[in-house]
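Data first, discussion second: the structure below is written as structure tokens.
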């Protein structure tokens, strides 16, 4: 798979992006910034 063609990532919230406390993981923010640097929104 050619990952350079990825332009957008979509995810649901409950159970995927949010934990049981309805909080976003600190890892998400690290990953988000790395993806944004590569032009992925």
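Numbering (this note's numbering), first residue to last: 8 to 48.
We put the beta carbon where it would ideally sit given N, CA and C, even for glycine.
Here the structure is a predicted model, which is why all the values come from computation and not from measurement.
Grab me the residues of residue i's own chain with a C-beta within less than 7 Å of its C-beta, minus the 5 sequence neighbours each way, in chain order.
i, result
"residue 42", "16"
May I ask you to report which of helix, strand or coil DSSP gives residue i?
i, result
"residue 25", "strand"
"residue 10", "helix"
Report all residues from its chain with a CB closer than 6 Å to the CB of residue i; omit the five preceding and five following residues, and keep chain order.
i, result
"residue 12", "none"
"residue 18", "24"
In whole angstroms, what is the alpha-carbon distance linking residue i and residue j?
i, j, result
"residue 47", "residue 36", "14 Å"
"residue 32", "residue 14", "22 Å"
"residue 9", "residue 20", "26 Å"
"residue 30", "residue 40", "18 Å"
Could you pull the start and end residues of the alpha helix (DSSP H) that residue i belongs to?
i, result
"residue 42", "33-44"
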